[in-house]
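The numbering used here puts the first residue of the sequence shown at 222, with every later residue one more than the last. Written out below as structure tokens is the structure these notes cover.
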Amino acid sequence: MSRIGKKPVPLPAGVTAKVDAGMVAAKGPKGELKLKFHPNMKVTVDESARQVLVGRPDDASENRALHGLTRALINNMVNGVVTPFEKKLEIIGVGYQAALAGKTLNLTVGFANVIKLPIPPGVTCTLPDSTHITLTSCDRQAVGQFAAVIHKVRPPEPYKGKGIRYEGEQVRRKAGKAMASGG
222 MSRIGKKPVP
232 LPAGVTAKVD
242 AGMVAAKGPK
252 GELKLKFHPN
262 MKVTVDESAR
272 QVLVGRPDDA
282 SENRALHGLT
292 RALINNMVNG
302 VVTPFEKKLE
312 IIGVGYQAAL
322 AGKTLNLTVG
332 FANVIKLPIP
342 PGVTCTLPDS
352 THITLTSCDR
362 QAVGQFAAVI
372 HKVRPPEPYK
382 GKGIRYEGEQ
392 VRRKAGKAMA
402 SGG
């Protein structure tokens, strides 16, 4: 039995979950999310115990993998509609900065042109200052995906550490040529 899959997903106060034709919907104070799950998985909502249960038909390898995955995705949905997920990024480098223009994030990170990234629906982007980006959403996958897109524009380089990094990310630094030769 999958250790993650067999655990029920508790429904906090103020959250409702519905299963309908291969879709799970979770509605809470911060928003509403829907997830289409694999037809082999059996998802049920126990209203009396306030929990969502995920089951699988047999112990086939694919079903075992999908069991834990489905439960984790539903758990992220339920948690997200109560407390939204947040990712923070830092921009490090002289003249590197970010700016918001409507539903577009403009990044000036050392290229000849400004990088314009459309903000996906459901994701809120705020800039505490021009070198910090905060992304929030009740959809964990959307936040992580957009943060990865921003990070990929200019990943931190190992010699000076310039680029876009996640808050708390440790950049592995290298010694330059002058330090490597010893002289």
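Even glycine gets a Cβ: it sits at the ideal position worked out from N, Cα and C.
For residue i and residue j, which I take to be in contact (beta-carbon distance under 8 Å), what is that distance rounded to the nearest angstrom?
i: Ile354; j: Ala319; result: 6 Å
i: Leu232; j: Val273; result: 7 Å
i: Tyr292; j: Lys228; result: It is worth fixing the name first, because residue 292 is Arg in this sequence and not Tyr. About 7 Å; that satisfies the 8 Å criterion.
i: Thr357; j: Glu307; result: 5 Å
i: Met262; j: Leu287; result: 6 Å
Smallest Cα separation from residue i: which of the options?
i: Glu388; options: Ala368, Val374, Pro379, Asn334; result: Ala368
i: Leu310; options: Arg224, Pro250, Arg375, Gly235; result: Arg375
i: Asp267; options: Leu287, Pro379, Lys239; result: Lys239
i: Gly243; options: Val230, Thr237, Lys255; result: Lys255
i: Ala270; options: Asp279, Met298, Ala234; result: Ala234
i: Val364; options: Thr352, Ala281, Cys346; result: Cys346
i: Gly397; options: Gln391, Pro379, Lys383; result: Pro379
i: Thr352; options: Thr329, Lys337, Cys359, Gly276; result: Thr329
i: Lys248; options: Gln391, Cys359, Ser402, Glu390; result: Cys359
Within 10 Å of its beta-carbon, does residue i have 16 or more other beta-carbons around it, so buried, or fewer, so exposed?
i: Asn327; result: exposed
i: Asp241; result: exposed
i: Pro377; result: buried
i: Asn334; result: exposed
i: Arg361; result: buried
Return the CA-CA distance between residue i and residue j, expressed in angstroms with no decimal places.
i: Ile225; j: Gly289; result: 5 Å
i: Val370; j: Ile313; result: 17 Å
i: Lys350; j: Ala246; result: Sequence inspection shows Asp at residue 350; the Lys mentioned does not correspond to that position. Each residue's alpha carbon lies about 36 Å from the other.
i: Gly331; j: Val315; result: 9 Å
i: Ile385; j: His372; result: 5 Å
i: Asn297; j: Thr304; result: 10 Å
i: Pro250; j: Val302; result: 6 Å
i: Lys324; j: Ser282; result: 43 Å
i: Ile340; j: Arg277; result: 36 Å
i: His259; j: Asp279; result: 14 Å
i: Met400; j: Val230; result: 54 Å
i: Tyr317; j: Pro342; result: 26 Å
i: Arg393; j: Asn284; result: 39 Å
i: Leu348; j: Val299; result: 27 Å
Examine the ligand PLP and report whether any of its heavy atoms sits within less than 6 Å of the Cβ of residue i.
i: Gly343; result: The ligand PLP is not part of the structure shown, which contains no ligands of any sort.
Quiz item: Mind pulling the beta strand (DSSP E) runs of 3 or more residues that sit fully within the segment 280-357?
Solution: 306-313, 318-322, 325-329, 336-339, 345-350
Quiz item: Along the chain, which unbroken stretches of the beta strand (DSSP E) at least 3 residues long are found entirely within the segment 234-267?
Solution: 237-241, 244-249, 252-257, 263-267
Quiz prompt | Uninterrupted beta strand (DSSP E) stretches inside the segment 368-398 (no shorter than 3 residues) | solution = 384-387
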